[in-house]
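**Student:** Supplied in structure tokens, the structure appears directly below.
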């Protein structure tokens, strides 16, 4: 008996050669129940000599003894043998799924100051997020800064700003580096009051050390350059407070990775 059997749903071509103890229809029913071949474009050859049935899928071959059975029973034995032959060639374990790089969010406390005496130390609180974009990493950050006047100046003011930063950079091991612009509305309160907006750019790095699968301890250092500043003058026109044109800041925080 010789014929062709097409299993269209898996694009498998089955060729029957020789004397087989079952019909193409019986084999078809047995294989439909199991859908054994998962390789698209595969060609399965089943041959018989009246006693034994040979199975070949490419270079893979097996001889099956149907134990004198015929019809649907013999077809089921052959279909099971085809399943075994295919499974022998499959990997023992499936490769791990491709994991999308996680979204990282962080919260950090720190301090910073400018390079002039009229630019006092300030406390900072930063919250940010970063995500990979191809070989780049993109970051967005909000940073609150609060500073008091220098103790050597007899005035009563406080300075607050809220910076909105964008950055682009890269990652090498535990180190991340970013560069980007920022805009920072600010307010000066006390004996002198002023409200306006500062503009500038920042270069900053983050060192991220994992402590668990999703949580890391992070440290950051940044260099800010401002396009404008705010100055507070005393009655004799002496500058007693100014926001940094060039400033440095650093801090420690916690970073959490969120699977996407």
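Residue numbers (our numbering): 50 to 309.
Glycine included, C-beta positions come from ideal geometry on N, C-alpha and C.
(1) Does the distance from the CB of residue 240 to the CB of residue 267 come in under 7 angstroms?
(2) Take residue 224 and list the residues in its own chain whose beta-carbon comes closer than 7 angstroms to its own, dropping the five residues that flank it on each side.
(3) For residue 226, which of helix, strand or coil comes out of DSSP?
(4) Going by DSSP in three states, residue 234 sits in which element: helix, strand or coil?
(5) Taking Cβ to Cβ, would you say residue 210 is nearer than 7 angstroms to residue 188?
(6) Name, in chain order, the residues that DSSP records as bridge partners for residue 210.
(7) Using a Cβ-Cβ cut-off of 8 angstroms (strictly less than) and excluding sequence neighbours within five positions of residue 295, which residues of its own chain qualify?
(8) Three-state secondary structure (DSSP) at residue 131?
(9) Determine, using beta carbons only, whether residue 123 and residue 115 come nearer to each other than 7 angstroms.
(10) Thinking residue 160 and residue 173 are a contact (beta carbons under 8 angstroms), I'd like their distance in whole angstroms, please.
(11) For residue 244, which residues of its own chain have a beta-carbon under 8 angstroms away from its beta-carbon, when the five flanking residues on both sides are left out?
(12) In terms of DSSP beta bridges, what is residue 176 paired with?
(13) How big is the Cα-Cα spacing for residue 175 and residue 229?
(14) With the cut-off set at 7 angstroms, would you say residue 117 and residue 97 are in Cβ contact?
(15) Among 151, 212, 246, which residue has its Cα nearest to the Cα of residue 264?
(16) Counting C-beta neighbours from all protein chains within 10 Å, is the total for residue 71 16 or more, i.e. buried, or is it exposed?
**Tutor:** According to the structure shown:
(1) In terms of Cβ geometry, residue 240 and residue 267 do not form a close pair [threshold 7 angstroms].
(2) So the list reads 254, 256, once near-sequence residues are dropped.
(3) In the three-state DSSP reduction, residue 226 falls in the strand class (E or B).
(4) Strand at residue 234.
(5) 7 angstroms or more divides the Cβ of residue 210 from the Cβ of residue 188.
(6) 194, 235.
(7) Contacts found: 163, 164, 272, 273, 274, 275.
(8) In this structure, residue 131 counts as helix in the three-state DSSP scheme.
(9) Going by C-beta atoms, residue 123 is nearer than 7 angstroms to residue 115.
(10) 6 angstroms between Cβ atoms; contact.
(11) Excluding sequence neighbours, residue 244 sits near 234, 235, 236, 237.
(12) The partner list for residue 176 (beta bridge, DSSP) reads 156, 191.
(13) When rounded, the distance between both Cα atoms is 16 angstroms.
(14) Pairing residue 117 with residue 97 gives a Cβ-Cβ distance that is not under 7 angstroms.
(15) Checking every option, the nearest Cα to that of residue 264 belongs to 151.
(16) Residue burial is scored here from C-beta neighbours: residue 71 has at least 16 other C-beta atoms within 10 angstroms and is therefore classed as buried.
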